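Chains as they are written, first to last, in UniProt numbering: chain A, 1 to 478; chain B, 1 to 478.
All C-beta atoms in this analysis are idealised placements derived from N, C-alpha and C, irrespective of residue type, glycine included.
None of these values were measured; they are calculated from a predicted model.
Written below as structure tokens is the structure these notes are about.
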């Protein structure tokens, strides 16, 4: 891939396939070359923007023939540098953004078939207008695209009830590493005919082929969705509350987010217009946001919620709670949760983690890891929040309030990651719950994954992409 | 694999690994060599019954060294000849039956870790005693084992709400085709670190490695489970009823089974002790069994059910309905559904199908395929029933009432399969919704799967099992 062959003929071929306007080699390519968090910037030979699956196929075949590798890209909102080119200037970025059509909705089958470049929020809203819920929901939903959501098996806030992007997907259309099209756009909920190629491509981060379209599950819109905010005396109590909520609400429990008081204090400090319940209360180390989606009625949802919270207060796992009275209040509560990352950024640079451990081990994990970090770095500040219902915490580490933050990051980031990921491993957890591996965590995958599993992953990569055309060096070392 | 090497040293090695009592070469091996429906019988070199994962690993390594292939076997209840040996007398059957331990239950994480040889019903009952629901449920649950359920991605009656075996599985312990152990027993609901090996092994029918243990999801027991039986005027009405039930009951709808009047008439004829509602009513071509699992109370479940059925009657999609008054009545209704295959067997040999099409196309599929079969085979009788909520029908074909049934099967089975599977394909359906491919449907996979997908499957098989040690000739031609 690092030959010095003249690539002008490839560029001509690509221009011929997609048309002049959709082969970008000049001008500002920052949006394609720089990662979402603006921490790395690569340089592309070209950005190619095909408009059809046939064009994607032709682009891949041209690149294979020229020995040039491809970086598939959706909304480029990933957090692990998985969708931007390296700095060789010899990779082609294949942007799916023009393939944004909602191809078909099947109301009786409760499915939608959609192209990879459709923005998640566009899909959510279009489905809602037709009376359906498409439940995948995450912070970047205004920019991320469904193909990238699937390639990275996106998670978000509704996983507790509806699963990750993987569980919402019934079928894929793929252009593989040879440029061949596989139409696996099944709307079937049961189909046991051969190996599960769909799930192999979901979460493969563009390293095996390109997702061009998908058939996704829909759900009836709930009759009412209510949100509550509960003060809990400890992380242990939050886990007990989760069990109570699952027992009382069953599948109606669609959200369960935990937030540490320091994380909330940053919202209070940097977004004073957001009114954070129980802010600064020393007896409230954590708050929990609960969402209850009811197929019956708002009255029923409210009664169920109140019964749950009364029981939780009786059991001492909730000290106080509010239930949003209307949609605006509910949105306000969600805004607090969603603005934690922004408040954190306002406070200054920090080391982010996206970890998961079994729900039963969360409290002990947090207690032990907090201790390890405080011992290693006096004054360190822990911004702990996340999808507790899935065992997934964004366990972020903020520099001490005093001192040079940039120097802190440069000096301590590696050490901090090491402390956190070793602790995660000791609790049978994952160093990447929902963000994936990308270019950023290749080393962690090698360090923490079993050699047997790694060998099988490498064998699969070599079998399906022997020329290493697809996103080389991401997920697995090149 | 077909050399004539002396295999005595291998047998000694296997005996050494598992102990004398657990290497079977003599006596009645019918239970291991014959398939569940007693249609084929192979001949094994030996049946080996390891008691630990380490023993499974050693057995695989010994067979690899000797160039002998393995047939992994659980309860041997599969319906596609996937778990019995060929007739060469040179394959080793590896039975997981001794590895039946429930290793650990994690109540806060809602997971259980269980060995492959645990019988499904044993697991269901053990979990219920601890206050949890393990929802996988299917006809063979008294004999089938969890490892086989995962290797074949078993479906059953609760898929509508809880998914197939695949969706219930969070992690696997695997012995791969080289005899290496991968401990992937994760209890995590989110883990995006590398390719999805778990889902690749789920549904791989023993052709990539051996599942020795799994971590599975649990659910809180519902407060009440109610069953209703509705008479519907057509298959179209049944599909409309499904949509209404999904809207009204949400995730509480845990079962939705449709049964044609002829299928029910066979139950009425051969099991007269079972009282079939609406039996023989000419205005009731189909009945639907609905199950409603409520986390609140029986009163609430009953009120919800009654509201749904009233709405359905108003809309003309249900002509009459009964809701079981107690558990015995509910079990009685389920018995009718579960006894259709037995009643069919009593009536005589028949050609079974396990197909799925998108729910939106079921009515048209049935109408057209019924017509094609009746045209080709005057007097043919169609036993149509199944998991309508998943688009999965057991669309079975019974010989005409008069004539030589055995001769009919021999002469017409191929033609019947051809008519049904071509029709399924024209409706974007699957020729094997939940039973898998095994040895029986290798040809159908080659005929109906896309060449691109087949090539990727073959590449994966070769990459992970280059010696073709694991269940050769099943799923993919050897």
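Local conformation of residue i per DSSP, three classes
{"i": "residue 479(B)", "result": "The requested residue 479(B) is not part of the displayed model; chain B covers only 1 to 478."}
{"i": "residue 32(B)", "result": "helix"}
{"i": "residue 469(A)", "result": "coil"}
{"i": "residue 19(A)", "result": "coil"}
{"i": "residue 457(B)", "result": "helix"}
{"i": "residue 1(B)", "result": "Legend: pLDDT at residue 1(B) = 45, less than 50; position of this residue unreliable, value from coordinates given subsequently. Note: residue 1(B) maps to coil in three-state DSSP."}
{"i": "residue 250(A)", "result": "helix"}
{"i": "residue 72(A)", "result": "strand"}
{"i": "residue 434(A)", "result": "coil"}
{"i": "residue 83(B)", "result": "coil"}
{"i": "residue 122(B)", "result": "helix"}
{"i": "residue 278(B)", "result": "coil"}
{"i": "residue 235(B)", "result": "helix"}
{"i": "residue 98(A)", "result": "coil"}
{"i": "residue 104(B)", "result": "strand"}
{"i": "residue 377(B)", "result": "coil"}
{"i": "residue 394(B)", "result": "strand"}
{"i": "residue 427(A)", "result": "coil"}
{"i": "residue 296(A)", "result": "coil"}
{"i": "residue 259(A)", "result": "strand"}
{"i": "residue 139(A)", "result": "coil"}
{"i": "residue 341(A)", "result": "helix"}
Residue i burial status per 10 Å Cβ neighbour count (16 or more: buried)
{"i": "residue 54(A)", "result": "exposed"}
{"i": "residue 30(B)", "result": "exposed"}
{"i": "residue 326(B)", "result": "exposed"}
{"i": "residue 312(B)", "result": "buried"}
{"i": "residue 25(A)", "result": "exposed"}
{"i": "residue 414(A)", "result": "exposed"}
{"i": "residue 390(A)", "result": "buried"}
{"i": "residue 8(B)", "result": "exposed"}
{"i": "residue 361(A)", "result": "buried"}
{"i": "residue 451(A)", "result": "exposed"}
{"i": "residue 2(B)", "result": "Its pLDDT being 48, under 50, residue 2(B) is placed unreliably in this model, and the coordinates cannot settle the point."}
{"i": "residue 246(B)", "result": "buried"}
{"i": "residue 356(B)", "result": "buried"}
{"i": "residue 261(A)", "result": "buried"}
{"i": "residue 5(B)", "result": "exposed"}
{"i": "residue 90(A)", "result": "buried"}
{"i": "residue 222(B)", "result": "buried"}
{"i": "residue 367(B)", "result": "exposed"}
Proximity winner among the options, relative to residue i (alpha-carbon distances)
{"i": "residue 103(B)", "options": "179(B), 159(B), 214(B)", "result": "214(B)"}
{"i": "residue 18(A)", "options": "423(A), 7(A), 346(A), 60(A)", "result": "60(A)"}
{"i": "residue 176(B)", "options": "356(B), 152(B), 204(B), 208(B)", "result": "208(B)"}
{"i": "residue 469(B)", "options": "85(B), 21(B), 37(B)", "result": "85(B)"}
{"i": "residue 128(B)", "options": "107(B), 91(B), 138(B)", "result": "107(B)"}
{"i": "residue 255(B)", "options": "58(B), 92(B), 13(B), 392(B)", "result": "392(B)"}
{"i": "residue 387(B)", "options": "342(B), 337(B), 179(B), 28(B)", "result": "337(B)"}
{"i": "residue 288(A)", "options": "403(A), 299(A), 309(A), 301(A)", "result": "309(A)"}
{"i": "residue 343(A)", "options": "329(A), 370(A), 264(A), 373(A)", "result": "264(A)"}
{"i": "residue 73(B)", "options": "50(B), 109(B), 457(B), 66(B)", "result": "50(B)"}
Residue i vs residue j beta-carbon contact at 9 Å
{"i": "residue 216(B)", "j": "residue 113(B)", "result": "yes"}
{"i": "residue 81(A)", "j": "residue 438(A)", "result": "yes"}
{"i": "residue 461(B)", "j": "residue 445(B)", "result": "no"}
{"i": "residue 162(B)", "j": "residue 219(B)", "result": "yes"}
{"i": "residue 204(A)", "j": "residue 196(B)", "result": "yes"}
{"i": "residue 160(B)", "j": "residue 171(B)", "result": "no"}
{"i": "residue 48(A)", "j": "residue 123(A)", "result": "no"}
{"i": "residue 210(A)", "j": "residue 10(A)", "result": "no"}
{"i": "residue 394(B)", "j": "residue 385(B)", "result": "yes"}
{"i": "residue 306(A)", "j": "residue 323(A)", "result": "yes"}
{"i": "residue 290(B)", "j": "residue 237(B)", "result": "no"}
Worksheet item: Are there three or more Cβ pairs, one per stretch, closer than 8 Å when the stretch 422-441 of chain A is compared with the stretch 183-195 of chain B?
Response: yes
Item to complete: Check whether the stretch 40-51 of chain A touches the stretch 146-154 of chain A, counting contact only when three or more Cβ pairs, one atom from each stretch, lie closer than 8 Å.
Response: no
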